[in-house]
Amino acid sequence: MTILGIKFTHDGAISLIDNGKLIFSFEMEKLNNNLRFQSFCLSFEETNLILKEYGYNLNTIDKIVFDGWTPAVKAWQKIQNESSKIKDVQLSGFSVDIELAGYGRLLGKDEDVYGRKEHVIDKIGIPYESFRHISGHFFGAYCTSPFAIKKEDSYILIWDGGMPPQLFHFGAKSKSITNLGHLFMLFGDIYAGFPYGYAPFDKGVKYSYATPGKVMAYIALGNSQRVIVDRLNAIYIDLEVKYSKNEIHAGTIVGVTEEFIKKSKECSVISKYNNEDILASFHDFLEGLLVERISKKVKEHTANTKNLCFAGGSALNIKWNSKIRTSGVFDKIWIPPFPNDSGSALGTACTAMVYHSDQLSLDWDVYKGPEMINNYVNGYNWTNVVKNRLIDQLPFFEKKFNYHFREYKFTLEELAALIHKKGEPILFLNGRAELGPRALGNRSILAPAGSEKMKQLLNEVKLRENYRPVSPICLEEDAEEIFDPGTPDPFMLFDHQIKGEWREKVPAIVHLDHSARLQTVNEKQNKEVYQLLKFYKKHSSIPLLCNTSANLKGRGFFSDIMSAVHWGQVNYIWSDGMLYSKYKL
19 MTILGIKFTH
29 DGAISLIDNG
39 KLIFSFEMEK
49 LNNNLRFQSF
59 CLSFEETNLI
69 LKEYGYNLNT
79 IDKIVFDGWT
89 PAVKAWQKIQ
99 NESSKIKDVQ
109 LSGFSVDIEL
119 AGYGRLLGKD
129 EDVYGRKEHV
139 IDKIGIPYES
149 FRHISGHFFG
159 AYCTSPFAIK
169 KEDSYILIWD
179 GGMPPQLFHF
189 GAKSKSITNL
199 GHLFMLFGDI
209 YAGFPYGYAP
219 FDKGVKYSYA
229 TPGKVMAYIA
239 LGNSQRVIVD
249 RLNAIYIDLE
259 VKYSKNEIHA
269 GTIVGVTEEF
279 IKKSKECSVI
289 SKYNNEDILA
299 SFHDFLEGLL
309 VERISKKVKE
319 HTANTKNLCF
329 AGGSALNIKW
339 NSKIRTSGVF
349 DKIWIPPFPN
359 DSGSALGTAC
369 TAMVYHSDQL
379 SLDWDVYKGP
389 EMINNYVNGY
399 NWTNVVKNRL
409 IDQLPFFEKK
419 FNYHFREYKF
429 TLEELAALIH
439 KKGEPILFLN
449 GRAELGPRAL
459 GNRSILAPAG
469 SEKMKQLLNE
479 VKLRENYRPV
489 SPICLEEDAE
499 EIFDPGTPDP
509 FMLFDHQIKG
519 EWREKVPAIV
529 HLDHSARLQT
539 VNEKQNKEVY
549 QLLKFYKKHS
559 SIPLLCNTSA
569 NLKGRGFFSD
579 IMSAVHWGQV
589 NYIWSDGMLY
599 SKYKL
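Anchor point for the sequence shown: position 459 equals 477 in the working numbering, and the numbering is continuous, going up by one each time.
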């Protein structure tokens with residue numbers, strides 16, 4: 019069975035599964051240097067061209083499936099029928115309205131997680147299905163997990179921006195889903211909404227998709243204060259008691275979330291502290307509530323499993339993930355590398371796979387994004403290209419170019435020696451892009467970690483705030499020597515502490531709280547990056563490099579070599595055995 023999954027709204031994407039194997043998953047932001055969180059933007063013809071590259075055709079796809087994401091509900095608003103339309107989807111010179119299954123913001127005990135709807139695109143006669151947005155997170159997490167391979171049961175926690183944390187139990191053999199209810203009455207986007215009003219998050223869009231990652235880094239500047247955490251707990255419990263007396267629906271949760279933010283900011287006990295301490299305490303309040311409530315739910319349910327899958331945008335919070343992992347509530351925790359909506363097209367395709375077959379596990383790997391396009395042409399008229407394609411993206415593109423790049427064949431061993439000798443960042447653009455929001459080696463800026471100045475340099479190159487950390491990519495077999503716990507974590511989804519003796523050796527990857535968002539790598543996961551790190555260790559005795567995403571500010575990963583050349587902020591680009599070395603004219 020061939021299944022094509024599509025997510026139309028923010029973090030738009032297209033994914034293809036063939037008989038339980040992932041063929042590709044393309045996020046719109048990773049095509050043509052599109053904006054971050056780009057909605058679906060492919061025409062009917064462009065979609066078919068991508069399929070044909072892999073030997074498929076729209077007319078022969080067995081199931082076309084659309085993710086059910088729908089716009090937010092208002093505070094206190096009760097939605098009778100959550101399914102809705104996405105209007106004016108552009109196809110082949112015309113537009114259509116697409117019926118979607120809905121979000122699944124707060125499912126009742128007896129509501130169907132799938133929420134499946136069947137429709138036909140009338141103008142072209144193509145049938146399609148739509149599943150609830152929550153089901154894409156649910157099965158995108160479970161089907162990619164090690165539990166699915168063994169057909170093991172698992173708890174599944176979904177906490178996305180537009181819903182409270184909802185806990186389920188999945189019985190693998192019977193494909194049964196037990197809804198254990200919401201853990202508490204706060205939407206996931208509170209992690210973006212609460213900081214709004216506190217500098218430096220008091221400008222721009224209130225619920226920006228970019229805010230949570232910045233907040234997670236920023237809280238290391240502060241100290242969590244017990245008095246603030248206790249006050250936030252008291253404010254929340256009062257609201258929970260008050261509104262639990264009546265029927266609870268999604269609009270109730272929105273109302274509680276907004277009222278919690280308002281009351282917290284009006285609290286004189288809290289307001290006398292600095293912003294850094296308030297936000298650090300807010301983080302700890304949510305973390306404590308999450309662990310306490312999930313522990314309570316699991317004890318009440320008493321299922322014969324200690325597995326957990328966690329998905330939704332909140333599962334990108336590495337500190338919460340680590341707290342759950344070390345809480346003792348679960349033996350094993352799985353978070354896919356695309357827990358937010360970047361994985362929704364893949365997830366809705368997984369939902370259809372489970373719904374229509376006995377297949378539970380997906381044959382996949384994280385490097386199933388678009389191929390790197392090698393369109394390098396030496397002596398190209400760069401200025402005209404920049405004016406036509408990139409002038410709106412970064413101010414320094416307005417400057418006249420005074421450099422070119424030379425192209426050489428260059429081995430990974432030579433590259434490791436170059437990195438060690440020069441001590442500067444390089445672009446590593448290789449093979450197919452990684453899935454999800456984090457650069458995992460194939461679309462990365464890599465750099466030595468031995469100088470604290472490297473963190474500052476990388477943040478300057480990326481036009482990022484100076485409090486932002488830089489992640490390490492480390493040989494899996496050496497991680498325990500440097501990090502605590504140092505367990506294999508190939509997707510940058512957990513918090514690790516850097517051991518004392520290593521903090522001076524690799525200061526560029528040490529965050530203010532001595533933590534790091536570690537990525538481990540072995541030869542099976544990424545042969546080229548693994549070999550590069552092995553060679554680099556031979557030269558430096560250090561088995562890791564700094565790793566941050568290779569992209570224009572506010573855009574997805576570089577999609578082609580020429581875009582990286584135009585960017586021009588590093589002296590070396592390596593791709594598919596070739597080195598592009600900058601020289602001045």
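All C-beta atoms, glycine included, are put in the ideal place defined by N, C-alpha and C.
Same chain, Cβ closer than 7 Å to residue i, neighbours up to 5 away in sequence not counted
i	result
Phe188	Tyr160, Asp171, Ser172, Ile174, Ile195
Tyr74	Thr20, Leu34
Arg461	Leu447, Ala451, Glu452, Ser567, Ala568, Phe575, Phe576
Thr88	Glu100, Ser102, Leu118, Gly120, Tyr121
Pro388	Phe44, Lys48, Leu49, Arg450, Ala451, Ser577
Terminal residues of the beta strand (DSSP E) in which residue i lies
i	result
Gln537	537-539
Ala465	461-465
Asn293	Note, Asn293: premise wrong, no beta strand (DSSP E); alpha helix (DSSP H) at 293-319.
Ser113	113-118
Ser558	Unbroken run through Ser558 is the alpha helix (DSSP H), 545-558; no beta strand (DSSP E).
Leu326	325-329
Straight-line gap, residue i to residue j (C-alpha atoms, nearest Å)
i	j	result
Phe423	Val372	49 Å
Val83	Thr366	7 Å
Gly231	Gly143	42 Å
Pro145	Ala268	30 Å
Ser340	Gly504	12 Å
Lys337	Val547	26 Å
Leu603	Pro443	21 Å
Gly154	Lys141	27 Å
Lys480	Ala568	9 Å
Ser192	Gly346	27 Å
Phe149	Gly122	10 Å
Phe58	Asp128	32 Å
Gly30	Ser102	17 Å
Leu198	Lys471	49 Å
Phe219	Tyr209	11 Å
Lys56	Ser360	What sits at residue 56 in the sequence shown is Gln, not Lys. Cα to Cα, the separation comes out at about 10 Å.
Val309	Ser332	13 Å
Ile253	Thr270	16 Å
His374	Ile68	25 Å
Pro525	His200	41 Å
Gln549	Leu185	41 Å
Proximal residues to residue i (C-beta, below 8 Å), its chain only, five neighbours per side dropped
i	result
Lys517	Glu499, Ile500, Phe501, Asp502
Lys386	Leu40, Ile41, Phe42, Ser43, Arg450, Leu453
Ile527	Ala467, Lys473, Pro487, Val488, Ser489, Pro490, Ile516, Ala534, Leu562, Cys564
Paired residues, beta bridge with residue i - DSSP
i	result
His187	Tyr173, Thr196
Trp592	Phe446, Leu597
Phe149	Asp85
Tyr421	Lys602
Lys135	Ser148
Gln377	Answer by DSSP bridge pairing: none, since Gln377 is not bridged.
His514	Ala534
Lys25	Ala31
Tyr426	Leu597
Gly493	Looking at the sequence itself, residue 493 is Leu, so the reference to Gly does not match. According to DSSP, which records beta bridges pairwise, Leu493 is partnered with Val539.
Lys471	The partner list for Lys471 (beta bridge, DSSP) is empty, contrary to what the question assumes.
Ile104	Ile116
Leu14	Given that the chain is displayed from residue 19 to residue 603, the structure contains no residue 14 and the question cannot be resolved.
Closest by C-alpha distance to residue i, when choosing among the options
i	options	result
Glu478	Phe62, Val233, Leu570	Leu570
Glu495	Leu511, Asn484, Lys542	Lys542
Asp349	Gly330, Ala363, Gly468, Asn322	Asn322
Leu250	Lys260, Asp376, Pro183, Asp302	Asp302
Lys168	Asp381, Lys315, Asp248, Tyr236	Asp381
Ile24	Gln184, Asn51, Thr65, Asn37	Thr65
Glu519	Ala228, Gly468, Phe512	Gly468
Pro213	Leu297, Pro355, Met390	Leu297
Met510	Val384, Leu475, Thr275	Val384
Gly441	Asn37, His28, His557, Val539	His557
Tyr485	Leu530, Gln243, Ala333	Leu530
Asp594	Thr429, Thr27, Gly86, Arg573	Thr429
Residue i: first and last residue of the uninterrupted alpha helix (DSSP H) it sits in
i	result
Ile500	497-500
Thr275	268-284
Ser57	Note, Ser57: premise wrong, no alpha helix (DSSP H); not H, not E.
Asp248	244-261
Trp10	A query on residue 10 cannot be resolved here, the shown segment of the chain reaching from 19 to 603 and no further.
Thr566	No alpha helix (DSSP H) contains Thr566, which is instead part of the beta strand (DSSP E) from 562-567.
Cβ shell of residue i (< 6 Å), same chain only, five flanking positions each side left out
i	result
Phe328	Leu175, Ile353
Leu22	Leu34, Ile79, Ile82
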